[in-house]
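Worksheet: one structure, shown below.
Residue numbers (our numbering): 173 to 480.
Next comes the structure, spelled out in structure tokens:
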């Protein structure tokens with residue numbers, strides 16, 4: 173009897189779930205960015221795996237009932253909820269408020285998985301979605317590990333919603349691996365407003381990454397430098413630019429605001445802060461205009477300074 177209870181108790185204590193909240197996206201193995209089509213596809217795949225007629229053929233008879241319980245009590249309710257537009261919109265608001273509350277209370281987030289830790293310190297939309305996809309591929313293959321894997325996805329989802337609201341993690345542990353240093357990078361930007369001789373190497377490297385649209389690597393370098401000098405307005409502005417191109421609007425806005433607080437005339441921050449959409453706005457910008465804002469001009473790195 174005790175073993176049966178354990179099988180039908182779907183308690184998850186990681187990520188969003190640890191805050192007495194359901195993570196319907198994690199249950200279906202999808203990121204929070206998933207649209208209706210992706211949600212439906214994920215559900216059909218899981219339903220195929222857990223269907224009693226197919227699951228029972230590949231596993232012991234006792235596992236057949238376990239699969240039925242997962243499908244009926246966990247997967248089906250999550251799918252039904254997310255397919256209802258009103259509930260899904262309200263759920264998005266709840267997740268946003270949860271993230272704001274965590275930030276306001278100054279809670280320290282310590283994910284258990286390497287994927288979530290990496291995402292915490294180097295936010296990237298593509299890496300987030302890819303990490304969820306990797307875990308989801310194995311999520312319900314072994315039901316004894318299904319809840320644990322769902323919890324790992326929920327950790328990634330938690331990190332994502334926090335970054336969307338501007339979460340600033342505690343200083344990253346000392347890096348074992350660092351990017352190679354190119355001492356000639358400064359020569360590529362002779363019009364830089366700061367003296368090349370006094371220019372921090374990490375910012376030079378970040379500029380190179382930004383010019384190549386390698387946003388995640390740029391974010392890593394800039395965050396590391398800000399741990400040394402948090403009053404560098406230009407560095408905050410570059411960080412905001414990188415966040416903006418990773419669609420992390422909350423963090424981008426905070427970085428631009430900090431840059432302007434330190435230097436009200438910081439060009440990059442002035443040129444880009446008003447391009448960040450208001451999350452409370454009812455009208456969403458079209459994908460074309462959004463992409464137009466976030467795509468650099470061919471004039472090289474300093475095309476980012478704005479003004480044409």
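C-beta: ideal position from N, C-alpha, C; glycine also.
For this session: Counting only runs of 4+ residues fully inside the segment 258 to 311, write out the alpha helix (DSSP H) ranges in chain order.
Result: Correct list: 286 to 293, 297 to 308.
For this session: Spatial neighbours of residue 315 within its chain, please: CB distance less than 7 Å, with the 5 preceding and 5 following residues excluded, ordered by chain position.
Result: Position 143 of the chain shown, counting from 1, holds the residue named residue 315. Only 235, 238, 239, 242 meet the Cβ criterion.
For this session: Can you give me the Cβ contacts of residue 253 inside the same chain, cut-off strictly under 6 Å, excluding the 5 residues immediately before and after it?
Result: Residue mapping note: residue 253 aligns to position 81 of the chain shown, counting from 1. Excluding residues within five positions, the ones whose Cβ falls inside 6 Å are 196, 259.
Problem set entry | Whole-angstrom distance between residue 325 and residue 308, CA atom to CA atom | Against the chain shown, residue 308 aligns to sequence position 136. Against the chain shown, residue 325 aligns to sequence position 153. Those two C-alpha atoms are separated by around 8 Å.
Exercise. How would you call residue 334, buried or exposed, if buried means at least 16 neighbouring beta carbons within 10 angstroms?
Worked result: Numbered from 1 along the chain shown, position 162 holds the residue referred to as residue 334. Around the beta carbon of residue 334, 16 or more other beta carbons sit within 10 angstroms, so the residue counts as buried.
Problem set entry | Whole-angstrom C-beta distance between residue 388 and residue 294, which should lie under 8 Å | Locating residue 294 in the chain shown gives position 122, where the first residue counts as 1. Locating residue 388 in the chain shown gives position 216, where the first residue counts as 1. For residue 294 against residue 388, the beta-carbon gap comes to about 5 Å, under 8 Å, which counts as contact.
Exercise. Measuring CB to CB, does residue 397 end up less than 7 Å from residue 374?
Worked result: In the chain shown, residue 397 corresponds to position 225, counting from 1. In the chain shown, residue 374 corresponds to position 202, counting from 1. Between residue 397 and residue 374, the CB-CB gap stays under 7 Å.
For this session: Could you tell me the distance, in whole angstroms, from the CA atom of residue 209 to the CA atom of residue 322?
Result: On the chain shown, position 37 is the one that residue 209 refers to. On the chain shown, position 150 is the one that residue 322 refers to. Residue 209 and residue 322 have their C-alpha atoms some 20 Å from each other.
For this session: Apply the 10 Å Cβ neighbour rule to residue 421 and answer buried if 16 or more other Cβ atoms are within range, or exposed otherwise.
Result: For the purposes of this step, residue 421 is taken as residue 249 along the chain shown, with counting starting at 1. Flag for residue 421 reads buried.
Problem set entry | Other residues of its chain near residue 221: CB distance less than 6 Å, five sequence neighbours each side excluded | In the chain shown, the residue the question calls residue 221 occupies position 49. Here residue 221 has 312 as same chain residues with Cβ atoms under 6 Å from its own Cβ, once five neighbours each way along the sequence are excluded.
Exercise. So, using beta-carbon positions, are residue 431 and residue 408 closer together than 7 Å?
Worked result: On the chain shown, position 259 is the one that residue 431 refers to. On the chain shown, position 236 is the one that residue 408 refers to. The answer is yes: Cβ separation under 7 Å.
Problem set entry | Cα-Cα separation, residue 282 to residue 275 | Taking the chain shown and counting its residues from 1, the one referred to as residue 282 is at position 110. Taking the chain shown and counting its residues from 1, the one referred to as residue 275 is at position 103. So the alpha carbons of these two residues sit roughly 14 Å apart.
Exercise. Thinking just about the alpha-carbon of each residue, which of 299, 400, 267 is nearest to the one in residue 330?
Worked result: Here residue 330 is taken as the residue at index 158 of the chain shown, counted from 1. The residue with the shortest Cα to Cα distance from residue 330 is 267.
For this session: Could you have a look at residue 217 and say whether DSSP puts it in helix, strand or coil?
Result: Taking the first residue of the chain shown as position 1, residue 217 is located at position 45. Residue 217 falls in the helix class under three-state DSSP.
For this session: State yes or no: is the C-beta of residue 200 within less than 7 Å of the C-beta of residue 219?
Result: To locate residue 200, count along the chain shown from 1; it is residue 28. To locate residue 219, count along the chain shown from 1; it is residue 47. No, these two residues do not count as a Cβ contact at 7 Å.
Exercise. How many angstroms separate the CA atom of residue 434 from the CA atom of residue 203?
Worked result: Against the chain shown, residue 434 aligns to sequence position 262. Against the chain shown, residue 203 aligns to sequence position 31. Within the model, the alpha-carbon separation for residue 434 versus residue 203 is close to 36 Å.
For this session: Report yes if the C-beta distance between residue 504 and residue 413 is below 7 Å; otherwise report no.
Result: One cannot answer for residue 504 here, as it falls past the ends of the chain, which runs 173 to 480.
For this session: Entirely within the segment 383 to 443 and at least 4 residues each: give me those alpha helix (DSSP H) ranges in chain order.
Result: Correct list: 387 to 400, 405 to 417, 421 to 434.
For this session: Kindly indicate which three-state DSSP category residue 227 falls into: helix, strand or coil?
Result: As a working note, residue 227 is residue 55 in the chain shown. Of the three classes helix, strand and coil, the one that applies to residue 227 here is helix, per DSSP.
For this session: Can you tell me which of the three DSSP states residue 326 falls into?
Result: As a working note, residue 326 is residue 154 in the chain shown. DSSP places residue 326 in helix when its eight states are reduced to three.
Exercise. Around the C-beta of residue 410, are 16 or more other C-beta atoms found within 10 angstroms, so that it is buried, or is it exposed?
Worked result: Indexing the chain shown from 1 puts residue 410 at position 238. Buried.
Problem set entry | Extent of the continuous alpha helix (DSSP H) run through residue 447 | Translated into positions along the chain shown, residue 447 becomes position 275. Boundaries cannot be given for residue 447, as no alpha helix (DSSP H) includes it and DSSP labels it neither H nor E.
For this session: Return the CA-CA distance between residue 257 and residue 445, expressed in angstroms with no decimal places.
Result: Here residue 257 refers to the residue found at position 85 when the chain shown is read from its first residue. Here residue 445 refers to the residue found at position 273 when the chain shown is read from its first residue. When rounded, the distance between both Cα atoms is 31 Å.
Exercise. Based on Cα-Cα distance, which residue from 205, 198, 403, 185 lies nearest to residue 261?
Worked result: Numbered from 1 along the chain shown, position 89 holds the residue referred to as residue 261. Considering only alpha carbons, the answer is 205.
Problem set entry | Spatial neighbours of residue 292 in its chain, beta-carbon cut-off 7 Å, leaving aside the 5 residues before and after | As a working mapping, residue 292 is identified with position 120 in the chain shown. Within the same chain, and ignoring the five residues on either side of residue 292 in sequence, the residues whose Cβ sits closer than 7 Å to its Cβ are 281, 283, 331, 341.
Problem set entry | Cβ separation of residue 320 and residue 187, assumed to be a contact under 8 Å, to the nearest whole Å | Your numbering for residue 320 matches position 148 in the chain shown. Your numbering for residue 187 matches position 15 in the chain shown. About 11 Å separates the beta carbons of residue 320 and residue 187, which is beyond the 8 Å limit, so they are not a contact pair.
For this session: Kindly list the residues whose CB is nearer than 7 Å to the CB of residue 403, restricted to its own chain and excluding five residues on each side of it in sequence; keep chain order.
Result: Position 231 of the chain shown, counting from 1, holds the residue named residue 403. Setting aside the 5 residues that flank it on each side, residue 403 is surrounded in the same chain by 434, each with a C-beta closer than 7 Å to its C-beta; the list follows chain order.
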